[in-house]
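S.K.:
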Amino acid sequence: MKIFFLAFGVLFQHLLQGQDNFSKYYTFDSGVSNFRTLLVDKDTILLEGIFVDTISPFLQGIAFAKVDSSGNLISYHRYFDTKGRDLTYPPLNNIIKLSDGRYLVPAMTLQDEALLLIFLNSQFFVDTVFEFFTAETSVRLNLVRSVFELNDGYIVFGSAQRLSYATDGQIFRITKNGDLLWRKWYGLTNKDEAFGDIAQYTDSTFILASFHKPFPVPSQNHLYNTWIFEVDSDGNILQEFVDPDPYSGPSGGLVIDKNNNIYYCGEQIIDAQHGQQNAQGRIGMLDTDFNLKWKLSFGKNISISTGLTDMISSDNKLISVGSYEDTSRTALGNPWGYMTGWTVLTTPLGDSKCERFDTATWFPMTNSSEGIFRTMDTLSSGNIIACGEGRFGEETEHNIYAWLVKMPNPPCKNLISKNEAPPENITSSLRISPNPARTQAVIQWSENTGRNADYLLVFAEDGKRKQKLNLANGSSETFLNLSGYLPGIYFVQLLSKGGYLLGVNKFTVSP
Numbered sequence: 001m002k003i004f005f006l007a008f009g010v011l012f013q014h015l016l017q018g019q020d021n022f023s024k025y026y027t028f029d030s031g032v033s034n035f036r037t038l039l040v041d042k043d044t045i046l047l048e049g050i051f052v053d054t055i056s057p058f059l060q061g062i063a064f065a066k067v068d069s070s071g072n073l074i075s076y077h078r079y080f081d082t083k084g085r086d087l088t089y090p091p092l093n094n095i096i097k098l099s100d101g102r103y104l105v106p107a108m109t110l111q112d113e114a115l116l117l118i119f120l121n122s123q124f125f126v127d128t129v130f131e132f133f134t135a136e137t138s139v140r141l142n143l144v145r146s147v148f149e150l151n152d153g154y155i156v157f158g159s160a161q162r163l164s165y166a167t168d169g170q171i172f173r174i175t176k177n178g179d180l181l182w183r184k185w186y187g188l189t190n191k192d193e194a195f196g197d198i199a200q201y202t203d204s205t206f207i208l209a210s211f212h213k214p215f216p217v218p219s220q221n222h223l224y225n226t227w228i229f230e231v232d233s234d235g236n237i238l239q240e241f242v243d244p245d246p247y248s249g250p251s252g253g254l255v256i257d258k259n260n261n262i263y264y265c266g267e268q269i270i271d272a273q274h275g276q277q278n279a280q281g282r283i284g285m286l287d288t289d290f291n292l293k294w295k296l297s298f299g300k301n302i303s304i305s306t307g308l309t310d311m312i313s314s315d316n317k318l319i320s321v322g323s324y325e326d327t328s329r330t331a332l333g334n335p336w337g338y339m340t341g342w343t344v345l346t347t348p349l350g351d352s353k354c355e356r357f358d359t360a361t362w363f364p365m366t367n368s369s370e371g372i373f374r375t376m377d378t379l380s381s382g383n384i385i386a387c388g389e390g391r392f393g394e395e396t397e398h399n400i401y402a403w404l405v406k407m408p409n410p411p412c413k414n415l416i417s418k419n420e421a422p423p424e425n426i427t428s429s430l431r432i433s434p435n436p437a438r439t440q441a442v443i444q445w446s447e448n449t450g451r452n453a454d455y456l457l458v459f460a461e462d463g464k465r466k467q468k469l470n471l472a473n474g475s476s477e478t479f480l481n482l483s484g485y486l487p488g489i490y491f492v493q494l495l496s497k498g499g500y501l502l503g504v505n506k507f508t509v510s511p
């Protein structure tokens, strides 16, 4: 399917919590436009998208735009394939800045599924194009997810669809002149594999977030597993993790912290019969030995399907963006009931501090519209800049517009760590009274809070989780059995079904 793009024009602007923040549509003189990826370079926002020339030569090409930190257009230009083929971007890709000041963007052709690596000069105009795997007889479709610069060339990560329609991951190395050195395949014969994101792990290794999915399977089957592995610059797998949960998959947003812990985001299917219409956002953490430390899911409510598409770290927290779908609209036969808004959420960064989502912001669309975040980055001011697309006005396939949002860097306000008092504003909503015999504790909360309360989490002073206690609907009191609790300080969190923190307090078990 062709995606229409280009020629700049702002459809509407809405300021977000401050004069410098904005939400802008860009029509590009076309009924359909989008932003697929961005890169912030010294507070200049570089964007990539797709357009179709509706007059001549009637080809689909790639558009490159530069925007300032206020959302004003600096420049843009359009690139057509020199062989007269339609161009598009891979489903997931990014803009890479090279050591010589140039930029690199992966692309592909629609007619013969060739892979293109487009090099742009320092002004973000096309300079050189390398082409690979044109009209392969054993492959139906080639995709590039990401490219990393090495001393002697580039390493390219992507996937390919075989003639059988099975999908495998692929990695290949090329020289600075575009000569292919080697190509390796990754995956199992009875599985589909595709890379959701790639991050540099050490000077010579990379982390890949992928998934396994049985193949062939009926189209409604969503039995896929998160697969995260480390490879060296020669493509050798060093270590890996496969999530035993059969309904989870990563997308973009791999984050590596200063201790080399790994964070990934994506989605978690909560209703296999309805597939992705009943999904929740998913974030997980692996340590340096690829042990799963924690994972959690997030959703707005039972009729809202949520997915996370990108994640970054900022100020000791994770910031994730994605979209949500009102499945009740879809059930009513609304053909455009998908991606009815955007969501931004923050999560404390670290091993023991990340048992729930901290804050979430929802951007509902109006006039039966839709929207989705694709990629984000941060400006020097700390503001978040995110891009994607949104449907505005009448629901047709010719009014999808590129969307760029600048927003405040959301705070992480509910961190809990040892020797740190709970935040005052939510301490009063949770009361804990251990009995003198230390056999149990009475935990109470307000009736208003209880309407949303779903479970309790108990942590020891060192941050390790001690217990999870599910709550009855509408309850405002429960009893905590203290059998097996050693003397010390314990924290209790009250959370909603979607992972919202409703209350927090602490109690002491005396010797």
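In this text, residue positions in the sequence shown follow full-length UniProt numbering: the first is 1, and each later residue adds one.
For glycine and all other residues, C-beta sits at the position ideal for the given N, C-alpha and C.
Since we're looking at a predicted model, the values are computed, not measured.
#1: On the three-state DSSP scale, how would you describe G337?
#2: Is any heavy atom in the ligand GTP found nearer than 7 Å to the beta carbon of V129?
#3: Can you give me the C-alpha to C-alpha distance between F491 and K466, rounded to a whole angstrom?
#4: Could you check whether L38 and T375 sit closer than 8 Å to each other, using their CB atoms as the reference points?
#5: Starting from the Cα of R208, find the closest Cα among L180, I62, I262 and T175 and give me that residue.
#6: Do you know offhand how far V139's Cα is from G382's?
#7: Three-state secondary structure (DSSP) at E113?
#8: Which one or two residues does DSSP pair with R374 in a beta bridge?
#9: Assuming F132 contacts S146 under a Cβ cut-off of 8 Å, what Cβ separation, rounded to an integer in Å, is found between them?
#10: Rounded to the nearest angstrom, what separates N94 and D179 at their Cα positions?
#11: With distances taken between CB atoms, is the gap from L456 to L471 smaller than 8 Å?
#12: Check whether the Cβ atoms of I385 and I45 lie closer than 8 Å to each other.
#13: Which one or two residues does DSSP pair with S146 in a beta bridge?
#14: Taking DSSP as the reference, what is the three-state secondary structure of W342?
#15: Roughly how many angstroms separate the alpha carbons of D20 and G390, rounded to a whole number?
#16: Mind checking which residues open and close the beta strand (DSSP E) that includes Q440?
#17: Where does residue 525 fall in DSSP's three states?
#18: Between the C-alpha atoms of F290 and K184, what's the straight-line distance to the nearest angstrom?
#19: So for S99, helix, strand or coil by DSSP?
#20: Could you name the residues that DSSP lists as bridge partners for F130?
#21: Just to confirm the assignment, what range does the beta strand (DSSP E) spanning D41 have?
#22: Short check: CB of G503 to CB of A460, under 8 Å?
#23: With A460 as the anchor, note down where its beta strand (DSSP E) starts and where it stops.
#24: Helix, strand or coil, according to DSSP, for Q123 in the structure here?
#25: Among the residues of its own chain, which have a CB less than 6 Å from the CB of K154, if the five just before and after it don't count?
#26: In angstroms, rounded to a whole number, what distance separates the CA positions of Y103 and F64?
#27: Closer than 6 Å by C-beta to V242: which residues in its own chain qualify, once you throw out the five before and the five after it? Chain order, please.
#28: Considering only DSSP beta bridges, list what K295 is partnered with.
#29: Using the DSSP secondary-structure output, state which residues sit across from D197 in a beta bridge.
#30: I need the DSSP call for K83, collapsed to helix, strand or coil.
M.R.: Walking through what the data contain:
#1: Caution applies to G337, whose pLDDT of 32 falls short of 50 and renders its modelled position unreliable; the model cannot decide the point.
#2: Here there are no bound small molecules, and the ligand GTP is not part of this structure.
#3: F491 and K466: Cα-Cα distance of roughly 9 Å.
#4: Against a cut-off of 8 Å, the Cβ pair of L38 and T375 comes out as a contact.
#5: Per the sequence shown, the amino acid found at residue 208 is Leu instead of Arg. It is I262 whose Cα lies nearest to the Cα of L208.
#6: Here the C-alpha atom of V139 lies approximately 43 Å from the C-alpha atom of G382.
#7: Three-state result, E113: coil.
#8: BP columns for R374 are empty, so no partner.
#9: Rounded to the nearest angstrom, the Cβ distance from F132 to S146 is 15 Å, too far for a contact under 8 Å.
#10: So the alpha carbons of these two residues sit roughly 22 Å apart.
#11: Cβ atoms of L456 and L471: closer than 8 Å.
#12: The answer is yes: Cβ separation under 8 Å.
#13: DSSP output for S146 lists F157 as bridge partner(s).
#14: In this prediction, W342 scores a pLDDT of 48, lower than 50, which makes its location untrustworthy; the coordinate-derived value is nonetheless stated afterwards. Three-state result, W342: strand.
#15: Each residue's Cα considered, the two are about 21 Å apart.
#16: Element bounds for Q440: Q440 to W445.
#17: The structure shown does not extend to residue 525, since the chain spans only 1 to 511, so no value can be given for it.
#18: F290 and K184: Cα-Cα distance of roughly 23 Å.
#19: In the three-state reduction of the DSSP assignment, S99 falls in the coil class.
#20: Beta-bridge pairing links F130 to L117.
#21: Unbroken beta strand (DSSP E) run through D41: T37 to D41.
#22: No; because the gap between Cβ atoms is not below 8 Å, this pair is not in contact.
#23: Segment A453 to A460, the beta strand (DSSP E) holding A460.
#24: Coil, per DSSP.
#25: The sequence as given places Tyr at residue 154; Lys does not occur at that position. These residues qualify, in order along the chain: V147 and I174.
#26: Spanning the two alpha carbons is a distance of roughly 11 Å.
#27: Counting only residues of its own chain and dropping the five nearest sequence neighbours on each side, V242 has a CB closer than 6 Å to the CB of N225 and W227.
#28: Beta-bridge pairing links K295 to G284.
#29: Among the bridge pairs identified by DSSP, D197 is matched with A209.
#30: Looking at K83 - three-state DSSP - the assignment turns out to be coil, as it is neither helix nor strand.
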